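Colleague: Each residue of the sequence shown is one higher than the last, beginning at 1369 in the numbering used here.
I have a structure here, written as structure tokens, and I will follow up with some questions on it.
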Amino acid sequence: MFRPVSSKPDFVAQEHEMLALWRDRQTFARLRAQNSGGPKWSFLDGPITANNPMGVHHAWGRAYKDLYQRFHAMLGEDQRYQNGFDCQGLWVEVNVERDLGFTSKRDIEAFGIAQFVTLCKQRVLTYAARQTEQSIRLGMWMDWNDPDELRRLGDLLGMDPSAVTTIQGSDGPVTDTVEMLVGRLGMSDTGGSYFTFSNENNDLIWWFLAECHRRGWLYKGHDTMPWCARCGTG
1369 MFRPVSSKPD
1379 FVAQEHEMLA
1389 LWRDRQTFAR
1399 LRAQNSGGPK
1409 WSFLDGPITA
1419 NNPMGVHHAW
1429 GRAYKDLYQR
1439 FHAMLGEDQR
1449 YQNGFDCQGL
1459 WVEVNVERDL
1469 GFTSKRDIEA
1479 FGIAQFVTLC
1489 KQRVLTYAAR
1499 QTEQSIRLGM
1509 WMDWNDPDEL
1519 RRLGDLLGMD
1529 PSAVTTIQGS
1539 DGPVTDTVEM
1549 LVGRLGMSDT
1559 GGSYFTFSNE
1569 NNDLIWWFLA
1579 ECHRRGWLYK
1589 GHDTMPWCAR
1599 CGTG
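What follows is the structure, given as structure tokens:
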């Protein structure tokens, strides 16, 4: 016989029960171990910007991403499970400007560009932590960072970026200055989500532009595009 089923099920409570079951049984870790060494399947996560909490549209997209990865996991395929966070651009900068009461780029220059960049990185780490928590609550399986560790790095970055600290990496503790650890997030030794403000990503972009310049592929030209006079960019 079937057990009685409530006509008014508590779906939220059921979701928390399932999350607790996965956590207690280490279901995700066991799945990764089971598929380790299997055929490779690479999923490159298109990163969402870590400037505010996730919206419904983010959850919608992440549900589809998780679905595809679960399907390929059922085929026995070995995956990286690496989430991504977009860290650069006006989404982050304008929010920091608003918090500081700035109205123009001249305000940033008067404040100090280096200090402004640090505040942008701190905001990214704060909301990367929040979005990580939201994604875990959504039931998405990824190699997530510890949200509290991201917040701690953000706090330390604002206090003393040259201070030496330790985080838990993929294969054990990783020790470096706060600034360098933030720049190494998502690398093979630190693990977790990739961040587009990483040193490797920025160095590669500058190398690519330098290589294009060396080969004579860069040129001045004219184009039509939307332009923001306040932000000074298109």
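The beta-carbon is built from N, C-alpha and C at its ideal position, and this holds for glycine as well.
Please read these numbers as outputs of a predicted model, since none were measured by experiment.
1) Can you list, in chain order, the residues of its chain whose CB lies under 8 Å from that of Gly1602, leaving out five sequence neighbours each side?
2) By the 10 Å Cβ neighbour count, where 16 or more other Cβ atoms means buried, how is Thr1500 classified, buried or exposed?
3) Look at the alpha carbon of Met1422 and the alpha carbon of Val1460, and state the distance between them as a whole number of angstroms.
4) Please work out which residues of its chain come closer than 8 Å, Cβ to Cβ, to Thr1564, disregarding the five sequence neighbours upstream and downstream, and give them in chain order.
5) Going by other Cβ atoms of all chains shown within 10 Å of its Cβ, with 16 needed for buried, is Ile1535 buried or exposed?
6) Output the distance between the C-alpha atoms of Gly1540 and Phe1470, rounded to the nearest integer angstrom.
7) So, with DSSP's three-state summary, where would you put Thr1486?
8) Use the C-beta contact count for Asn1570: other C-beta atoms within 10 angstroms, 16 or more gives buried, fewer gives exposed.
9) Suppose you measure from the CA of Glu1568 to the CA of Trp1390; what does that come to, to the nearest Å?
10) Going by Cα to Cα distance, which pick from Leu1525, Glu1517 and Arg1505 is closest to Cys1488?
11) By Cβ distance below 7 Å, which residues in the same chain neighbour Gly1537 in space, the five residues on each side in sequence not counted?
12) With distances taken from CA atoms, which of Gly1551, Asp1434, Phe1484 and Thr1494 is nearest Arg1505?
13) Verify whether the separation of the beta carbon atoms of Val1532 and Asp1516 is less than 8 Å.
14) According to DSSP, what are the bridge partners of Gly1452?
15) Let's test the definition: count the other Cβ atoms within 10 Å of the Cβ of Arg1438 and tell me whether it reaches 16, buried, or not, exposed.
16) Using DSSP with H/G/I as helix, E/B as strand and the rest coil, what is Thr1533?
17) On the DSSP bridge list, what partners appear for Asp1544?
18) Helix, strand or coil for Thr1592 per DSSP?
19) If you compare alpha carbons, which of Met1508, Tyr1495 and Ser1503 is closest to Ser1520?
20) Considering just the uninterrupted stretch of the alpha helix (DSSP H) at Lys1433, what are its terminal residues?
21) Grab me the residues of Thr1486's own chain with a C-beta within less than 8 Å of its C-beta, minus the 5 sequence neighbours each way, in chain order.
22) Rounded to a whole number of angstroms, what is the C-alpha to C-alpha distance between Ala1418 and Leu1493?
Modeller: Let's see:
1) Met1593, Pro1594, Trp1595 and Cys1596
2) buried
3) 14 Å
4) Pro1415, Gly1452, Phe1453, Asp1454, Cys1455 and Gln1456
5) buried
6) 42 Å
7) helix
8) exposed
9) 34 Å
10) Leu1525
11) Asp1557, Thr1558 and Gly1559
12) Asp1434
13) no
14) Tyr1562
15) exposed
16) strand
17) Thr1533
18) coil
19) Here residue 1520 is Arg; the residue named in the question, Ser, does not match the sequence. Of the candidates Met1508, Tyr1495 and Ser1503, the one whose C-alpha sits nearest the C-alpha of Arg1520 is Tyr1495.
20) Val1424 to Met1442
21) Leu1525, Gly1526 and Pro1529
22) 8 Å
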